[in-house]
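What follows is a set of notes on a single structure, which appears directly below.
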Amino acid sequence: GRYDGLVGAFSGQPVPACGCSLGLERILTVLDERGVSLAVPAALDVIVAAVDAADVRAALGLATRLRATGLRADLWPEPISPGKLRKHADEHGIGAAVWFERGVRERASLWTRVGAITQTDIALDAIADRVRAAAGAPE
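My numbering applies: residue 2 is where the sequence shown begins, and numbers increase by one.
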């Protein structure tokens with residue numbers, strides 16, 4: 002359908018636009034009627050973050066490296082304090098939280114839910130094994 006008026010309502014300028022809409026509730030009802038269940042994503046193994054905006058790129062690189070080892074890793078997209086990151090991980094059942102302290106990109110700090118232990122100054126190459134060990138997973 003045409004959505005010219007909708008875009009203009011937000012931009013203040015007339016903009017030609019077209020698109021489509023789907024009835025999500027109708028789709029879910031049909032899936033339910035046919036016995037199709039939606040997959041529930043597995044819990045994250047680790048969430049990675051940076052305390053300072055200048056280190057977010059390093060956190061993204063570490064999250065990518067951890068995913069390459071088979072860990073389910075996510076990135077907190079903006080600077081966050083270690084306390085808030087640990088709380089988020091704990092409340093959402095995430096096994097571990099890793100963060101870069103301000104200006105330190107060669108090493109990181111790690112918190113694990115098992116025993117609520119925080120370890121600091123860990124070499125980046127050792128983090129995947131530490132996360133697995135805390136979760137009791139094979140290395």
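Backbone N, C-alpha and C define an ideal beta-carbon position, used for all residues, glycine too.
As the structure is a prediction and not an experimental result, all values here were calculated from the model.
So, residue i versus residue j, is the Cβ gap smaller than 8 Å?
i       : j       : result
Ala-97  : Trp-112 : yes
Arg-103 : Ala-59  : no
Val-16  : Asp-5   : yes
Leu-72  : Val-132 : yes
Val-52  : Phe-101 : yes
Val-115 : Ala-135 : yes
Excluding sequence positions up to five away, which residues of its chain have a Cβ less than 6 Å from the Cβ of residue i?
i       : result
Ala-64  : Val-49, Ala-74 and Leu-76
Ala-44  : Gly-94
Gln-120 : Leu-111
Buried or exposed, going by whether 16 or more other CB atoms sit within 10 Å of the CB of residue i?
i      : result
Val-41 : exposed
Ile-95 : buried
Cys-21 : exposed
Asp-46 : buried
Going along the chain, which residues of its own chain have a beta-carbon closer than 8 Å to the beta-carbon of residue i, five neighbours each way excluded?
i      : result
Ala-54 : Glu-79 and Pro-80
Taking DSSP as the reference, what is the three-state secondary structure of residue i?
i       : result
Ile-95  : coil
Gly-113 : Note that residue 113 corresponds to Thr in the displayed sequence, not to Gly. Looking at Thr-113 - three-state DSSP - the assignment turns out to be strand.
Leu-7   : helix
Once the 5 residues before and after residue i are set aside, which same chain residues still bring their CB inside 7 Å of it?
i       : result
Leu-61  : Leu-76
Asp-122 : Arg-108
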